[in-house]
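So for the sequence shown, our numbering puts the first residue at 507; every next one is plus one.
All C-beta atoms in this analysis are idealised placements derived from N, C-alpha and C, irrespective of residue type, glycine included.
Working notes for the structure below.
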Amino acid sequence: MRPQDMAFPTYREHGVLYCRGIDPIMPLGLFRGVDQGGWDPIEMKFAMYTIVIGAQTLHATGYAMGIAMDGKVGTEDGEAVIAYFGDGASSQGDVNEAFVWSSVFHAPVVFFCQNNQYAISEPLERQTRVPLYQRAHGFGFPGVRVDGNDVLASYAVTRAALDQARVGQGPTLIEAYTYRMGAHTTSDDPTRYRIASEVEAWQAKDPILRVRRFLEQQGLADQSFFGEVDEQARVEAVKLRERVLELPDPAPVTMFDHVFPNGSPEIDEEREQFTAYLSSFAGEVH
Ligand SMILES: Cc1ncc(C[n+]2csc(CCOP(=O)(O)OP(=O)(O)O)c2C)c(N)n1
């Protein structure tokens, strides 16, 4: 992504968020439920995490149509948009509508499908009878599958698709073929629906280890470099965990803040009612 490009994430794009310069504590505040995330999507060029599966593909398409109408597309330094989503999301109406609109309006948007082969417990074979990248053809734009565990290939394919979009060549679907190593959420038990040998086979394709081996073999980095990176990661992780635990619980009434950018009379009324309700507990011992 170039600085002017806009990203529309699902809830898995922590790496993209980090690369956009957003403090990684911010999505964790959202996940802990103590705030709404907190970054400025316009300033950081990174929209809010979207838990409603697939909805961000429509937001991205609308944004892409908008920047095209504003004349910000069509040159080498034009703007482009990327939307991330999962294999399960590919079955949502929103995603298919986004494909139609972006195709017919030639919108400068890259659809990046992180195909990790499971939508919670639902396997890929329940989403599609053809490889997902082939869907793009029917909507009238190119689709490509890339080894999602190959860092350099994923980078090259994404950059090429964004550059096509920025010069006015319309959308591309990228299917990054990968695997979800862990559970979907902390309440999910993947041992109930997939076998250990499948997980082990994908463990051998660890993308981080692969890029490390590549750098070693090319003589581009040595043990002391990797030692430093590992140590930096360890320290950052410890610091981040400490900061998450220190996040203060918000006052309940703040849930009405930030619902609309300029407030609304209905929200004001609800806030008042809720404040009165809370004060009815005044003097009670908890
Ligand atoms: C519209 C909608 N329906 C259902 C859910 C519940 N839900 C949360 S995650 C998920 C599975 C998503 O799978 P996939 O798109 O493959 O993404 P992954 O989490 O595997 O990356 C579902 C069904 C939701 N968040 N939104």
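Segment contact: the stretch 618-635 against the stretch 589-605, three or more CB-CB distances shorter than 8 Å; contact assigned. Judged by their CB atoms, PHE647 and SER609 are nearer to each other than the 8 Å cut-off. Judged by beta-carbon spacing, PRO530 lies beyond the 8 Å limit of THR556, meaning their Cβ atoms are not closer than that value.
Counting only residues of its own chain and dropping the five nearest sequence neighbours on each side, PHE766 has a CB closer than 7 Å to the CB of ILE773. C-alpha of GLN729 to C-alpha of LEU715: approximately 13 Å in a straight line. Judged by pairs of C-beta atoms under 8 Å, the stretch 632-651 touches the stretch 597-617, as three or more such pairs exist.
Between GLY543 and LEU536, the beta carbon gap of about 4 Å places them in contact (Cβ cut-off 8 Å).
Closest option to ASP695, judged by alpha-carbon separation, among VAL759, ILE626, PHE787: ILE626.
In the structure shown, GLY535 adopts helical secondary structure according to DSSP, grouped into three states.
Taken in chain order, the complete alpha helix (DSSP H) segments of 4 residues or longer contained in the stretch 697-768 are 702-709, 713-723, 729-752.
Taking all protein chains in view, the Cβ of LEU679 is crowded by 16 or more other Cβ atoms within 10 Å, so the residue is classified as buried. For the pair VAL673 and GLU585, the CB atoms are not nearer than the 8 Å cut-off. When the Cα atoms are used, ASP541 and PRO756 turn out to be separated by approximately 7 Å.
Relative to ligand 1, even the nearest heavy atom lies 7 Å or more away from the CB of HIS520. Between the C-alpha atoms of ASN602 and VAL741 there is a straight-line separation of about 42 Å.
VAL759 has its alpha-carbon roughly 7 Å from the corresponding atom of ARG777. Note: TYR683 is bridge-paired with ASN621, ASP653 in the DSSP secondary-structure output.
At the C-beta level, ILE588 and LEU658 stay beyond 8 Å of one another. Around the Cβ of GLU681, a 10 Å sphere holds 16 or more other Cβ atoms; the residue is buried. Looking from the CA of ALA570, the closest CA among ALA689, MET532, PRO614, GLN675 belongs to PRO614. Rounded to whole angstroms, the gap between the alpha carbons of CYS525 and SER660 is 15 Å. When DSSP reads this structure, PRO629 sits in a beta bridge with TYR624. For ALA689, the distance from the CB to the nearest heavy atom of ligand 1 is not below 7 Å. Residue pairing from DSSP leaves GLY560 without any beta-bridge partner. Collapsing the DSSP output to three states places VAL579 in coil. Within the same chain, and ignoring the five residues on either side of GLN510 in sequence, the residues whose Cβ sits closer than 6 Å to its Cβ are GLU585.
Here TYR590 carries a strand assignment [DSSP, helix/strand/coil].
Within 10 angstroms of the beta-carbon of ASN655 lie 16 or more other beta-carbons, which makes it buried.
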